[in-house]
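To keep things clear, I will list the structure first and then write my remarks on it.
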Amino acid sequence: MFPHRLYGFLLLFLLFLACSETTAAAPFDTYSAKRPPQRKEVATVLSIAPTQAGPGTLVTLTFGGEIDGAGILLGGDELPFQKLEGHKIAFTVPAGKMPGQYALTVRGGSGMTRSYAFTVLPLKPFINSIEPDRVTSCRLNGVNQVSIYGRNFTETSKVLFDGAALPAKYISPESLSFILPRVAGGLHQVSVKNITEIATPVGLQIITTPTVSSVSIGDDWVSSYDLILEGDNFQQNSIVIANGNQISSSTDMQAGGQLTYIDCNRIVYQRRPYSSTRQDLRIQVVNPGGEISQIFVVSAP
Numbered sequence: 001m002f003p004h005r006l007y008g009f010l011l012l013f014l015l016f017l018a019c020s021e022t023t024a025a026a027p028f029d030t031y032s033a034k035r036p037p038q039r040k041e042v043a044t045v046l047s048i049a050p051t052q053a054g055p056g057t058l059v060t061l062t063f064g065g066e067i068d069g070a071g072i073l074l075g076g077d078e079l080p081f082q083k084l085e086g087h088k089i090a091f092t093v094p095a096g097k098m099p100g101q102y103a104l105t106v107r108g109g110s111g112m113t114r115s116y117a118f119t120v121l122p123l124k125p126f127i128n129s130i131e132p133d134r135v136t137s138c139r140l141n142g143v144n145q146v147s148i149y150g151r152n153f154t155e156t157s158k159v160l161f162d163g164a165a166l167p168a169k170y171i172s173p174e175s176l177s178f179i180l181p182r183v184a185g186g187l188h189q190v191s192v193k194n195i196t197e198i199a200t201p202v203g204l205q206i207i208t209t210p211t212v213s214s215v216s217i218g219d220d221w222v223s224s225y226d227l228i229l230e231g232d233n234f235q236q237n238s239i240v241i242a243n244g245n246q247i248s249s250s251t252d253m254q255a256g257g258q259l260t261y262i263d264c265n266r267i268v269y270q271r272r273p274y275s276s277t278r279q280d281l282r283i284q285v286v287n288p289g290g291e292i293s294q295i296f297v298v299s300a301p
């Protein structure tokens, strides 16, 4: 009977040793059991405004989640950006970016990325003013430069004058100039075109109506004398009306006088008076197109 008891004690001892080794090899980690698994927070783009814009436009992105370490790539090119209040950042569409659809890739603070469709629009030009915006037909006799002031002008911009393309001289993104062609009087439209985008036209007035700014007595030829008319928009075939009498370059001196056209600013009226007594002369200039100046009154024989 003794041997049976000995075998029982040995069996219990071996079981005790096996349980002790198992417990030592795999201790229970109460901290690991209680700690939740670590999870990366993914920043989400809630809005992009606008989703299409031309170069130079500010685009704002609103995030949900952490934005520290965020980055912006447009068509693969990383762009600088600025943080705004709240969960917002903003970037500017680069100047010179060609029109088209690009992948706007946003890298969140966790390193996760998302791509969104973004359309770069053609650069639309804008005109603020032109100088001059009123030109006399007299000035058109020379070379006339018109300056256009606005924004979004490029080296390939063209000037549209009444819809016809004219060469433009690029000065800066805010300034262009062009040579005014010889055109009829009236209101004309000036615009700027960038590829497909056209600025809202502005008006340029060509003034053809003659004006008389002064009349003075010139040389005395004993039986006649010169009245010198100065003003603007005089033409080669203009006539002068003096107290109702029409005088032209072909008028017979015996009929009271004759005109000599000097230039668009001066006409000499060689007048043969019936009397040397001074009187009020009511002078007007009429152009071949029918435009007539205001009445200028001068005291002369």
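Heads up: the sequence shown runs through residues 1 to 301, numbered per the working numbering. A virtual CB, placed ideally from N, CA and C, is assigned to each residue, including glycine. Quantities reported herein were computed from a predicted structural model and do not represent experimental measurements.
Next on the checklist: With H, G and I counted as helix, E and B as strand and the rest as coil, what does DSSP make of A33?
Outcome noted: On the sequence shown, residue 33 is found 33 positions in, with the first residue counted as 1. For A33, the predicted model reports a pLDDT of 46, less than 50, meaning its position is unreliable; a value from the coordinates is still stated below. Helix.
Next on the checklist: With distance defined between alpha-carbon atoms, name the residue in T57, S213, V59 nearest to Q294.
Outcome noted: Numbered from 1 along the sequence shown, position 294 holds the residue referred to as residue 294. Among T57, S213, V59, the Cα nearest to that of Q294 is on S213.
Checklist entry - What is the DSSP secondary structure of R182, reduced to helix, strand or coil? => result Along the sequence shown, one-based indexing puts residue 182 at 182. Coil at R182, not helix or strand.
Checklist entry - Which word fits V159, buried or exposed, when buried means at least 16 other C-beta atoms lie within 10 angstroms of its C-beta? => result Within the sequence shown, the letter at position 159 stands for residue 159. Buried, because 16 or more other Cβ atoms sit within 10 Å of the Cβ of V159.
Next on the checklist: Tell me the residue span of the beta strand (DSSP E) that contains T211.
Outcome noted: Within the sequence shown, residue 211 is the residue found at index 211, counting from 1. Run containing T211: 211 to 220, per the beta strand (DSSP E) assignment.
Checklist entry - How close, in whole Å, do the beta carbons of G256 and R272 come, if the pair is a contact with beta carbons under 8 Å? => result In the sequence shown, counting from the first residue as 1, residue 256 sits at position 256. In the sequence shown, counting from the first residue as 1, residue 272 sits at position 272. Correct: roughly 6 Å between the Cβ atoms.
Checklist entry - In chain order, what residues of the same chain lie with their CB nearer than 6 Å to the CB of N287, ignoring the 5 residues before and after it? => result Here residue 287 corresponds to residue number 287 of the sequence shown, with the count starting at 1. So the qualifying residues of the chain are P210, Q235, S238.
Item to check | Three-way DSSP call (helix, strand, coil) for R107 in this model | outcome: On the sequence shown, position 107 is the one that residue 107 refers to. In the structure shown, R107 sits in a strand (DSSP, three-state: E or B).
Checklist entry - When you compare only the Cα positions, how much space is there between S249 and L259? => result Here residue 249 refers to the residue found at position 249 when the sequence shown is read from its first residue. Here residue 259 refers to the residue found at position 259 when the sequence shown is read from its first residue. One C-alpha to the other measures close to 4 Å.
Checklist entry - Grouping DSSP H, G and I as helix and E and B as strand, with all else coil, what is E21? => result As a working mapping, residue 21 is identified with position 21 in the sequence shown. Note that E21 scores a pLDDT of 49, beneath 50, so its modelled location is shaky; the value from the coordinates is reported in the next line. If DSSP states are grouped into helix, strand and coil, E21 belongs with the helices.
Checklist entry - Which of helix, strand or coil does DSSP assign to R278? => result Residue numbering aside, residue 278 sits at position 278 when the sequence shown is read from its first letter. R278 falls in the coil class under three-state DSSP.
Next on the checklist: Between the region 65 to 81 and the region 158 to 178, can you find at least three pairs of beta-carbon atoms closer than 8 Å?
Outcome noted: no
Checklist entry - So, using beta-carbon positions, are E197 and P132 closer together than 8 Å? => result Within the sequence shown, numbered from 1, the residue matching residue 197 stands at position 197. Within the sequence shown, numbered from 1, the residue matching residue 132 stands at position 132. No; because the gap between Cβ atoms is not below 8 Å, this pair is not in contact.
Item to check | Same chain, Cβ closer than 8 Å to I130, five either side skipped, listed in chain order | outcome: The count along the sequence shown starts at 1 and reaches residue 130 at position 130. Only V146, S147, I148, Y149, V190, V202, L204 meet the Cβ criterion.
Item to check | Strand pairing of V268, partner residues [DSSP] | outcome: As a working mapping, residue 268 is identified with position 268 in the sequence shown. I228, T260, per the DSSP bridge assignment.
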